[in-house]
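> First the structure, which I've put down as structure tokens, then a few questions once you've had a look.
There are 2 protein chains.
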Amino acid sequence: MITELNIKQIEKISKALGDPYRLKIMKIVSNNATCTQCCDVSAEFNLAQSTMSHHIKQLIDADLLIADKEGRNLKFVVNKEVCTAYADYINSLVL
Amino acid sequence: MITELNIKQIEKISKALGDPYRLKIMKIVSNNATCTQCCDVSAEFNLAQSTMSHHIKQLIDADLLIADKEGRNLKFVVNKEVCTAYADYINSLVL
DNA sequence: CAAAAACATCGAAATATTTAGATATTTAAA
DNA sequence: TTTAAATATCTAAATATTTCGATGTTTTTG
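Structure, rendered in structure tokens:
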């Protein structure tokens, strides 16, 4: 299934990636073979829990992360299709 | 020559792309076979000249556009290397 | 050389984002 | 079943971004 992103989604994804914490979260999740959890990620940062929650929410809302609530934990992985579709859009600017 | 972007550049590029006007500017420049100028772009928008100038500056500062001052005109094209390098970074999140 | 064209810069208002603390919710553990 | 752990939500302050109008600079044109 090939995902095509509209311009509003491109904007939202770009905005979500326009923050150092959120970029670092993406990298951590990407580097993790297994699903990551909020608390795993939080451990790497010096931010309030509510702030972390906010950042992760933005990545999920932008569909960059796919989340799955398991018990009291929130697990997530990189949304490969959306990342690829976003990269495709960027590449389409280069003709 | 292969461009490698550091994380600060990735952040700056993402931020630059996280705005509907700037995304539209990128598309206009991308679609133009020849160099684009500020006044070409401005004609498509309902924004003050100073605002357009500000948006274009952000794209140039993020190295997404390459600018060249010719007389009183500012001409620019898409920076293909940086766009490609950015897309590569995004793809690197998908393993 | 005076006027206009193209763009940049500055200052200020409006708006959006980031952040933390307090509190709420949901689930697991004791 | 009380307690603790993991996350979410709300509010408010701090900070950043967007936008415009006014003005400045540089270059071309009359």
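Chains as they are written, first to last, in the UniProt record's numbering: chain A, 1 to 95; chain B, 1 to 95.
For every residue, glycine included, the Cβ atom is placed at its ideal position computed from N, Cα and C.
For the segment 57-66 of chain B against the segment 24-32 of chain B, do three or more pairs of beta-carbon atoms, one drawn from each stretch, fall closer than 8 Å, so that the two count as touching?
At 8 Å Cβ cutoff, the stretches touch.
> Using a Cβ-Cβ distance cut-off of 8 Å, determine whether residue 17 (chain B) contacts chain A.
Against the second sequence, residue 17 (chain B) aligns to sequence position 17. With 8 Å as the cut-off, residue 17 (chain B) counts as an interface residue toward chain A.
> Using a Cβ cut-off of 7 Å, which residues of the segment 46-64 of chain A contact any Cβ in chain B, in chain order?
Answer set for the segment 46-64 of chain A: empty.
> If you drop the 5 nearest sequence neighbours on each side, which residues of the same chain put their C-beta closer than 8 Å to that of residue 10 (chain A)?
The residue you call residue 10 (chain A) lines up with position 10 of the first sequence. 86, 89, listed in sequence order.
> May I ask which residues mark the beginning and end of the beta strand (DSSP E) holding residue 56 (chain A)?
For this step, residue 56 (chain A) is matched to residue 56 along the first sequence. Residue 56 (chain A) -> not in any beta strand (DSSP E); alpha helix (DSSP H) instead, spanning 49-61.
> Extract the residue ranges of the beta strand (DSSP E) inside the UniProt domain "HTH arsR-type" (2-95) of chain B, only unbroken runs of 3 or more that lie entirely within it.
Entirely contained in the UniProt domain "HTH arsR-type" (2-95) of chain B, the beta strand (DSSP E) runs reaching 3 residues are, in chain order, 65-70, 73-78.
> Please confirm whether residue 39 (chain A) has its beta-carbon closer than 8 Å to some beta-carbon of chain B.
Taking the first sequence and counting its residues from 1, one reaches residue 39 (chain A) at position 39. No, its Cβ sits nowhere closer than 8 Å to a Cβ of chain B.
> Residue 34 (chain B) to residue 61 (chain B), Cα distance in whole Å?
Start at 1 with the first residue of the second sequence, and residue 34 (chain B) comes out as number 34. Start at 1 with the first residue of the second sequence, and residue 61 (chain B) comes out as number 61. Taking the straight line joining both Cα atoms gives about 21 Å.
> Could you tell me which of A:13, A:83, A:42 sits nearest to residue 3 (chain A), measuring between CA atoms?
For the purposes of this step, residue 3 (chain A) is taken as residue 3 along the first sequence, with counting starting at 1. Checked all of A:13, A:83, A:42; the closest Cα to residue 3 (chain A) is A:83.
> Taking CB distances under 8 Å as the criterion, tell me whether residue 23 (chain A) reaches chain B.
If you number the first sequence from 1, residue 23 (chain A) lands on position 23. Residue 23 (chain A) counts as touching chain B.
> Residues of chain A with a CB under 9 Å from the CB of residue 78 (chain B): which are they?
Residue 78 (chain B) sits at position 78 when you count from the first residue of the second sequence. Under the 9 Å cutoff, chain A gives 93, 94, 95.
> Please name the residue in B:54, B:71, B:95 whose C-alpha comes closest to that of residue 21 (chain B).
On the second sequence, position 21 is the one that residue 21 (chain B) refers to. Among B:54, B:71, B:95, the Cα nearest to that of residue 21 (chain B) belongs to B:54.
> Measure from the alpha carbon of residue 95 (chain A) to the alpha carbon of each residue in B:72, B:91, B:70, B:78, then state which is nearest.
On the first sequence, residue 95 (chain A) is found 95 positions in, with the first residue counted as 1. The option with the nearest alpha carbon to residue 95 (chain A) is B:78.
> Thinking just about the alpha-carbon of each residue, which of B:76, B:81, B:91 is nearest to the one in residue 31 (chain B)?
Position 31 of the second sequence, counting from 1, holds the residue named residue 31 (chain B). Taking only the C-alpha atoms, the option nearest residue 31 (chain B) is B:76.
> Can you tell me which of B:93, B:71, B:13 puts its alpha carbon nearest to the alpha carbon of residue 56 (chain B)?
Along the second sequence, one-based indexing puts residue 56 (chain B) at 56. Of the candidates B:93, B:71, B:13, the one whose C-alpha sits nearest the C-alpha of residue 56 (chain B) is B:13.
> Closer than 8 Å, CB to CB, is residue 11 (chain A) near chain B or not?
The residue you call residue 11 (chain A) lines up with position 11 of the first sequence. It does; some Cβ of chain B falls within 8 Å.
> When the distance is taken between beta carbons, is residue 16 (chain A) closer than 8 Å to residue 74 (chain A)?
Translated into the one-based positions of the first sequence, residue 74 (chain A) becomes position 74. Translated into the one-based positions of the first sequence, residue 16 (chain A) becomes position 16. In this structure, residue 16 (chain A) does not lie closer than 8 Å to residue 74 (chain A) by Cβ.
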